[in-house]
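Here is the structure we will look at, set down as structure tokens.
In the numbering used here, the protein residues as written are 17 to 170.
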């Protein structure tokens, strides 16, 4: 079924664009309201850290919604820092069909965590290689220094 869009999406000659209903469904916008309460980290009665509250209010497509929620859920937090609470609205009504979104968010969150772990492993390997190269250069410099020192004596 074809639907005519009347949101100002028209061609130069004044006729409206035709789009498939599937394309329109993909473009439906969701409103994400994410709130993180202020929190504090105490250790043995001493204040170690204080975290301010945060409010995010965005209008997103489904893909952007999934990406944003997954990123907010997987971002590193300090000890005692509170998590985000999410409200998703569609057409200004609370979004009831959350199972699909939850599955997509969980899959995206797992991929984000896996990517971070791979990046961490790569960075560790690069640091280890740099350390090894520095050690080899230092040993070569020491060898040359001792070699020159003993050649002068002979």
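The C-beta atom is built at its ideal place from N, Cα and C for all residues, glycine as well.
Computed from a predicted structure; not experimentally measured.
By Cβ distance, which residues of its chain are closer than 7 angstroms to residue i, with the 5 residues on each side in sequence left out?
i: residue 45; result: 75, 76 and 77
i: residue 129; result: 90
i: residue 124; result: 82, 83 and 86
Identify every residue that forms a DSSP beta bridge with residue i.
i: residue 110; result: 105
i: residue 176; result: Lying before the first or after the last residue shown, residue 176 is absent from the chain, which here runs from 17 to 170.
i: residue 7; result: Nothing can be reported for residue 7: it is not among the residues displayed for the chain, which extend from 17 to 170.
Go through its chain and collect everything with a Cβ distance to residue i's Cβ below 8 angstroms, but skip five positions before and after it.
i: residue 94; result: 57, 65 and 67
Comparing alpha-carbon positions, which option in the options lies nearest residue i?
i: residue 52; options: 99, 81 and 63; result: 99
i: residue 116; options: 131, 79, 140 and 88; result: 79
Give me, in chain order, the residues of the same chain whose beta-carbon lies closer than 6 angstroms to that of residue i; leave out the 5 immediate sequence neighbours on both sides.
i: residue 70; result: 52
i: residue 97; result: 55 and 67
Taking 8 angstroms as the threshold, find out whether the stretch 128 to 144 comes into contact with the stretch 102 to 117 through three or more Cβ pairs.
Not touching, per the Cβ criterion.
With contact counted as at least three CB pairs below 8 angstroms, one residue from each stretch, are the stretch 145 to 159 and the stretch 109 to 122 in contact?
The stretch 109 to 122 and the stretch 145 to 159 do not touch, with fewer than three beta-carbon pairs separated by less than 8 angstroms.
I'd like the ranges of any alpha helix (DSSP H) spanning at least 4 consecutive residues and lying wholly in the stretch 110 to 157.
Counting only runs of 4 or more, we get nothing.
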